[in-house]
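Enquirer: Residue 85 in my numbering sits at position 85 of the sequence shown, with consecutive numbering throughout.
Note that beta-carbon positions come from the ideal geometry of N, C-alpha and C, so glycine has one too.
Take this structure, written in structure tokens, and hold onto it; I'll ask about it next.
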Amino acid sequence: MTDQTLATRPQLTDKEREGVIDWSSGPRRFITLYLPLSVFLLVLLFPFYWMAITAIKPNGELLDYKNNNPFWVKSPTLENINKLLFQTDYPQWLWTTMMVAAVATALSLFSSVLAAYAIQRLRFKGSQYVGLAIYLAYLVPPSILFIPLATLIFQFGLFDSPLALILTYPTFLIPFCTWLLIGYFKSIPYELEECAMIDGATRLQTLWRITLPLAMPGLISAGIFAFTLSWNEFIYALAFIQSAEKKTVPVAVLTQLVEGDVYHWGSLMAGALLGSIPVAILYSFFVDYYVASMTGAVKE
Numbered sequence: 001m002t003d004q005t006l007a008t009r010p011q012l013t014d015k016e017r018e019g020v021i022d023w024s025s026g027p028r029r030f031i032t033l034y035l036p037l038s039v040f041l042l043v044l045l046f047p048f049y050w051m052a053i054t055a056i057k058p059n060g061e062l063l064d065y066k067n068n069n070p071f072w073v074k075s076p077t078l079e080n081i082n083k084l085l086f087q088t089d090y091p092q093w094l095w096t097t098m099m100v101a102a103v104a105t106a107l108s109l110f111s112s113v114l115a116a117y118a119i120q121r122l123r124f125k126g127s128q129y130v131g132l133a134i135y136l137a138y139l140v141p142p143s144i145l146f147i148p149l150a151t152l153i154f155q156f157g158l159f160d161s162p163l164a165l166i167l168t169y170p171t172f173l174i175p176f177c178t179w180l181l182i183g184y185f186k187s188i189p190y191e192l193e194e195c196a197m198i199d200g201a202t203r204l205q206t207l208w209r210i211t212l213p214l215a216m217p218g219l220i221s222a223g224i225f226a227f228t229l230s231w232n233e234f235i236y237a238l239a240f241i242q243s244a245e246k247k248t249v250p251v252a253v254l255t256q257l258v259e260g261d262v263y264h265w266g267s268l269m270a271g272a273l274l275g276s277i278p279v280a281i282l283y284s285f286f287v288d289y290y291v292a293s294m295t296g297a298v299k300e
């Protein structure tokens, strides 16, 4: 095809190429961006809105939807929050939950770093299958592990102690964190570690000074996941803790704020709302590291 033929061929305009509708127009942007984003935000934020308005509703509005709008509050009150904070052991429940989640997360990250580094860097036979087996261990339902773990807890005398939760939570945290860190360690060039070892660094020095600083986004992401799973865990906390003051928030707000068939919905929603705030704050501080770790984990 000659240049003269190309010159005489009629050129298509932008609208003819894209069709009748101008796809860069406002309607397209509304349909493809703003409308899905609005639906997503509505679905995501509505539970928090519902908890917030329920927490400040008086009992009269909570129990009479015929004369009151269920999506709004006419006479806000702090009675439910006051009952939760000063008439229950909620501050102690919150402290126990935070302590158990933090310690279990630290133990799990320490073990997961060593396991993931060994599987990815030491190059022993069958390392890939070991990594797959660790991830499959995460898929085992907690209800299956509940019986053997309960037997061990009773044999070691740890029943009704936060230490029981600290030692049982890593059974499902370590497999997931290890699998996540294996994927992130793959994105770190091995040549950096070889250069450090050529200069005389040991394997542990290389891990501490070279690999871990580069893997910090992955560590933060794994820590966020582990902390969130520990914070929201219900089955083990319900089974291994009996004393009311030693319970964690997910279990305590359900067992202590329900009297027979009477549900204290205002205090329940206030407890759920206050219990979700620490996790939300944690995500807000480390969201950039979380996104970076997800990019590195799936890079290869």
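Take Gly-157 as the anchor and find which of Trp-231, Phe-240 and Cys-177 has the nearest alpha-carbon.
Expert: Of Trp-231, Phe-240 and Cys-177, the residue nearest in Cα terms is Phe-240.
Enquirer: Within 8 Å, do at least three Cβ pairs link the region 172-184 to the region 134-146?
Expert: Touching, per the Cβ criterion.
Enquirer: Using CA coordinates, which residue listed in Ala-196, Gln-242 and Tyr-184 is at the minimum distance from Leu-214?
Expert: Selected option, being the one with the closest Cα: Tyr-184.
Enquirer: What are the start and end residues of each continuous alpha helix (DSSP H) run of 4 or more residues lying completely inside the region 44-77, in chain order?
Expert: Runs of the alpha helix (DSSP H) inside the region 44-77: 59-63.
Enquirer: Please report the residue range of the alpha helix (DSSP H) in which Trp-208 lies.
Expert: Trp-208 -> no alpha helix (DSSP H), and no H or E assigned at all.
Enquirer: Once DSSP output is grouped into helix, strand and coil, what is the label at Glu-191?
Expert: Reduced to three states, the DSSP call for Glu-191 is helix.
Enquirer: Tell me which residue opens and which closes the alpha helix (DSSP H) that Lys-83 is part of.
Expert: Taken as a continuous stretch (DSSP letters only), the alpha helix (DSSP H) holding Lys-83 covers 79-86.
Enquirer: Figure out for me which residue from Gly-126, Ser-112, Ala-270 and Ile-31 has the closest Cα to the Cα of Pro-47.
Expert: Residue Ala-270 is the option with its Cα nearest to Pro-47.
Enquirer: Please report the residue range of the alpha helix (DSSP H) in which Pro-162 lies.
Expert: It spans 162-168 - the alpha helix (DSSP H) in which Pro-162 sits, taken as one unbroken run.
Enquirer: Run through DSSP, which three-state label would Leu-130 get?
Expert: Inspection of the sequence shows that residue 130 is occupied by Val rather than by Leu. Note: Val-130 maps to helix in three-state DSSP.
Enquirer: Where does the unbroken alpha helix (DSSP H) through Ile-153 begin, and where does it stop?
Expert: Per DSSP, Ile-153 belongs to the alpha helix (DSSP H) from 142-155.
Enquirer: Could you work out which residue in Ala-201, Leu-114 and Pro-76 is closest to Leu-219 when comparing CA atoms only?
Expert: Residue Leu-114 is the option with its Cα nearest to Leu-219.
Enquirer: Please state whether DSSP places Glu-245 in a helix, a strand or coil.
Expert: Here Glu-245 sits in helix by DSSP.
Enquirer: At what residues does the alpha helix (DSSP H) containing Phe-227 begin and finish?
Expert: It spans 216-232 - the alpha helix (DSSP H) in which Phe-227 sits, taken as one unbroken run.
Enquirer: Determine the extent of the alpha helix (DSSP H) in which Phe-240 is found, giving its start and end residues.
Expert: Its alpha helix (DSSP H) spans residues 235-240.
Enquirer: Take the Cβ of Glu-259 as the centre, count every other Cβ of all protein chains shown within 10 Å, and call the residue buried at 16 or more, exposed below.
Expert: Burial call: exposed.
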